[in-house]
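In this text, residue positions in the sequence shown follow this note's numbering: the first is 7, and each later residue adds one. Even glycine gets a Cβ: it sits at the ideal position worked out from N, Cα and C. Predicted model, so just to flag it, every value in this text is computed and none were measured. For reference, the structure discussed in these notes is given below.
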Amino acid sequence: MRIRPAAPHELPALQDIERAAGVPFRDLGMTAIADDEPPAVEVLERYRAAGRTWVAADDADRPVAYLVAEPVDGALHIEQVSVHPDFARLRIGHTLIEYAARHAREEGLTGLTLTTFAEVPWNAPYYARLGFDALEETELTPGLRKIRTHEAELGLDRWPRVCMRRD
Numbered sequence: 007m008r009i010r011p012a013a014p015h016e017l018p019a020l021q022d023i024e025r026a027a028g029v030p031f032r033d034l035g036m037t038a039i040a041d042d043e044p045p046a047v048e049v050l051e052r053y054r055a056a057g058r059t060w061v062a063a064d065d066a067d068r069p070v071a072y073l074v075a076e077p078v079d080g081a082l083h084i085e086q087v088s089v090h091p092d093f094a095r096l097r098i099g100h101t102l103i104e105y106a107a108r109h110a111r112e113e114g115l116t117g118l119t120l121t122t123f124a125e126v127p128w129n130a131p132y133y134a135r136l137g138f139d140a141l142e143e144t145e146l147t148p149g150l151r152k153i154r155t156h157e158a159e160l161g162l163d164r165w166p167r168v169c170m171r172r173d
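This is the structure:
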């Protein structure tokens, strides 16, 4: 897989990847997550224009996974990482995260953060295997608190959520 910045014309394909990556949540009874629409093209374009949208491209240079991130309180916050299920278990998500980590170091950021579902096997347990640690409520930065408040407003707290960090 080749990791590279997303091109503007690929943003609808990223939405398709997100929709496909959501389907397995249905098997966990998380139909609201499975049916949730991906970010609008305009939102993805803001991340892309800021230089923080990367894709994993197949041999035909088509995106099969993507990651979007933004700086939050001195760390690079992974807003979304999604891998098309047809390409699952190939360490593509891990490769994207390592790419983001290198980018964060180059920008002088202190680490990576993310928020995720605590009990979904391909969420918090997966990130823990990649070196992320769950943060206690007292460890949350103001920016992470704001993100968690927004997630709660969206109804994501119907399932246990956690903030994680990797230095």
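Local Cβ density within 10 Å of residue i, reported as buried at 16 or more and exposed below that
i: Leu-160; result: exposed
i: Thr-144; result: exposed
i: Ala-46; result: exposed
i: Gly-35; result: exposed
Proximal residues to residue i (C-beta, below 6 Å), its chain only, five neighbours per side dropped
i: Gly-137; result: Arg-172
i: Leu-150; result: Cys-169
i: Phe-31; result: Ile-39 and Ala-40
i: Leu-141; result: Cys-169 and Arg-171
Option in the options with minimal Cα separation from residue i
i: Tyr-105; options: Val-87, Thr-122 and Asp-65; result: Val-87
i: Leu-146; options: Asp-92, Met-36, Ala-81 and Asp-67; result: Ala-81
i: Glu-113; options: Ala-66, His-83 and Ala-46; result: His-83
i: Asp-67; options: Arg-8, Glu-143 and Gly-117; result: Arg-8
i: Glu-76; options: Asp-33, Ala-140, Gly-117 and Val-29; result: Gly-117
i: Ala-26; options: Leu-34, Arg-97, Arg-167 and Glu-43; result: Glu-43
i: Arg-10; options: Leu-34, Gly-35, Ile-103 and Val-29; result: Ile-103
i: Arg-167; options: Ala-130, Asp-79 and Asp-139; result: Ala-130
i: His-90; options: Arg-164, Val-29, Glu-157 and Thr-155; result: Val-29
i: Leu-96; options: Leu-141, Asp-79 and Ala-71; result: Ala-71
i: Val-49; options: Met-36, Tyr-133, Val-74 and Ile-153; result: Val-74
i: Arg-135; options: Gly-99, Arg-111, Asp-92 and His-109; result: Gly-99
i: Pro-148; options: Ala-107, Thr-119 and Tyr-132; result: Thr-119
Residue i - partner residues in DSSP beta bridges
i: Arg-111; result: BP columns for Arg-111 are empty, so no partner.
i: Trp-128; result: In the DSSP output, where bridge partners are listed per residue, Trp-128 has none listed.
i: Asp-139; result: Arg-171
Contact set for residue i: own chain, Cβ-Cβ below 8 Å, skip 5 residues either direction
i: Pro-69; result: Ala-12, Glu-16, Ala-19, Leu-20, Ile-23, Val-61, Ala-62 and Ala-63
i: Pro-14; result: Glu-51 and Arg-54
i: Glu-157; result: Thr-121, Asp-163 and Arg-167
Cβ shell of residue i (< 7 Å), same chain only, five flanking positions each side left out
i: Leu-162; result: none
Stretch-stretch touch, CB-based, cutoff 8 Å, three pairs: the segment 42 to 62 with the segment 110 to 130: no
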